[in-house]
Each structure stands twice: as structure tokens, then as C-alpha cells.
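Residue numbers (this note's numbering), protein chains in the order written: chain V, 6 to 121; chain F, 1074 to 1186. Okay, structure first, notes after.
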Amino acid sequence: AQKVTQAQTEISVVEKEDVTLDCVYETRDTTYYLFWYKQPPSGELVFLIRRNSFDEQNEISGRYSWNFQKSTSSFNFTITASQVVDSAVYFCALSEYSNSGYALNFGKGTSLLVTP
Amino acid sequence: KAGVTQTPRYLIKTRGQQVTLSCSPISGHRSVSWYQQTPGQGLQFLFEYFSETQRNKGNFPGRFSGRQFSNSRSEMNVSTLELGDSALYLCASSFNGLEETQYFGPGTRLLVL
């Protein structure tokens, strides 16, 4: 079963629009970690944010904001006033303890295209 | 501080051959993990090494193996290559493990013919 679900495969918006990328996760652990990464066309994954399961505070960083809701097992990512440079594939990931160490499971990614 | 480096960046092999990929983590990082990225399956966790020990492994066949050296550099080996092994192989490092932020390398793109 998929532990991290990113239901939106592709999203296309026009520059300056706001866009929200959804992420729903599944875990039985009480301690876990959530991440968002960005993969631009160059291919290298770039870290955006890390959240632990005990910190439900929403976070804002410039045009980026994240909404973490344990009640719905969601960790959504919003880009305000999108720009062409935001075009990339965005991955949500869950780190939880498994066997003898943590394992990191990624969602399938959401491809965001921002057009001028 | 230098980032995570991976060599080679591109590789072409034929079915049945084996391949070894290399990853040098950020200085001071002891955890190295590997991922396979394909259009169909997305990003999948292969395994994680810490202080030369494999701590966790994803759901991949035994043809996929790895190791870590005392300087934290890691290698990944795929034996008896299949067409489906064509993928981007990404390596990441962190100080202590997968509960921390992972810093990714540029990847090795493997094409199996």
C-alpha cells in the first residue's frame, strides 16, 4: 500500500496564481517525519521542509507555506503568487521507523508547470 | 562544503552485465541512502548505510546490493542487469539517518540495453 499519496499528478497554472499541492500519508507510528522536496528539470532533489509528528505548527517561508494536519494525515504545500521558476516536480516523503532503522517513502510526485 | 557527489553521471550497459555506482557523502555525514527513480514507480528507497552497516532495505531483489566504507563513501551494485533497471539512481546523505533532512546528489542515469 502506498504510504504517501500525492493525488495530483500534474498541475498547470498561470504565473501569479496560488497553487496547493496535496499530500496524504499513512503510518501507525506516533513519531515520524514529513518532508517536501523539489526536483527541477536538472534532476537533483532540493530540500524544502522537514516536520516531525509532534509539531503541527504551520510554516511560512516566503511564498511557500505548509499546512500539517494530523487529524487528516495531510501535509499540504501552497505556493503563493507562483513563478515560472517554480516549475518542477514536488515530492512529499514520510520517514518512519521500520525494522532496524528509519525508511524514507516518497509519494509519486506532482509535476507543476507555471506558464507566463 | 562540497555536496553529495555521484559517479559516473551516465552509464550504458547491456542486459546481464553488472554495474557499480559510487556516492561520496557530504563531509561528516555518516548515513548514506540510495533510491531508484523511474517514470512508472517513482522514487523508491533501496537501502541505507550507517557506519558501514546496512540498517534498512527497501523491497528490491537481491541483485541490488551495496556497501559503505570507513570514510562513509558508498557503492551500490546491481548484478545481472535487466531492462527494467534503467533508471536514475540517487544517493543522499545525512549526519545520522533518514529521520533527518537528506541531501541528494545529482544522480547516475543508467540505461540498460
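Just so you know, even glycine gets a beta-carbon here, dropped at the ideal spot from N, CA and C. Remember, predicted model here, so these are calculated numbers, not experimental data.
{"Item": "Can you give me the start and stop residues for the beta strand (DSSP E) that residue 101(V) sits inside?", "Value": "93–103"}
{"Item": "Quick one: Cα of residue 1122(F) to Cα of residue 1082(F), how far?", "Value": "21 Å"}
{"Item": "Taking 7 Å as the threshold (beta carbon to beta carbon), is residue 1098(F) in contact with chain V?", "Value": "no"}
{"Item": "Helix, strand or coil for residue 1115(F) per DSSP?", "Value": "strand"}
{"Item": "Please list, in chain order, the residues of the segment 78–103 of chain V that have any C-beta partner in chain F closer than 7 Å.", "Value": "96, 100, 103"}
{"Item": "From residue 96(V) to residue 117(V), what does the alpha carbon distance come to, in whole angstroms?", "Value": "11 Å"}
{"Item": "Look at the alpha carbon of residue 1102(F) and the alpha carbon of residue 1156(F), and state the distance between them as a whole number of angstroms.", "Value": "33 Å"}
{"Item": "Go to residue 1155(F), then tell me how far its beta strand (DSSP E) extends in each direction, as first and last residue.", "Value": "Residue 1155(F) -> no beta strand (DSSP E), and no H or E assigned at all."}
{"Item": "Applying the 10 Å Cβ sphere with the 16-neighbour rule, what's the burial state of residue 165(V)?", "Value": "Here chain V covers residues 6 to 121 and nothing more, so residue 165(V) does not appear."}
{"Item": "State the start and end residues of the unbroken beta strand (DSSP E) segment that holds residue 108(V).", "Value": "106–111"}
{"Item": "Quick one: residues in its chain with C-beta nearer than 7 Å to the C-beta of residue 121(V), no 5 flanking neighbours on either side, listed in chain order?", "Value": "20, 89"}
{"Item": "Between the segment 41–52 of chain V and the segment 1174–1184 of chain F, are three or more C-beta pairs nearer than 8 Å?", "Value": "yes"}
{"Item": "Can you tell me whether residue 1186(F) is buried or exposed? The criterion is at least 16 other CB atoms within 10 Å of its CB, across all chains shown.", "Value": "exposed"}
{"Item": "Please list the segments of the beta strand (DSSP E) lying wholly inside the segment 1085–1143 of chain F, counting only runs of 3 or more residues, in order along the chain.", "Value": "1092–1097, 1104–1111, 1115–1123, 1126–1130, 1137–1141"}
{"Item": "Please report the residue range of the beta strand (DSSP E) in which residue 1078(F) lies.", "Value": "1078–1080"}
{"Item": "Answer yes or no: does any C-beta atom of chain V fall closer than 7 Å to that of residue 1174(F)?", "Value": "yes"}
{"Item": "Secondary structure at residue 14(V), three-state DSSP: helix, strand or coil?", "Value": "coil"}
{"Item": "Among 1150(F), 1100(F), 1108(F), 1153(F), which residue has its Cα nearest to the Cα of residue 1061(F)?", "Value": "No answer is possible for residue 1061(F): it lies beyond the span of chain F, which begins at 1074 and ends at 1186."}
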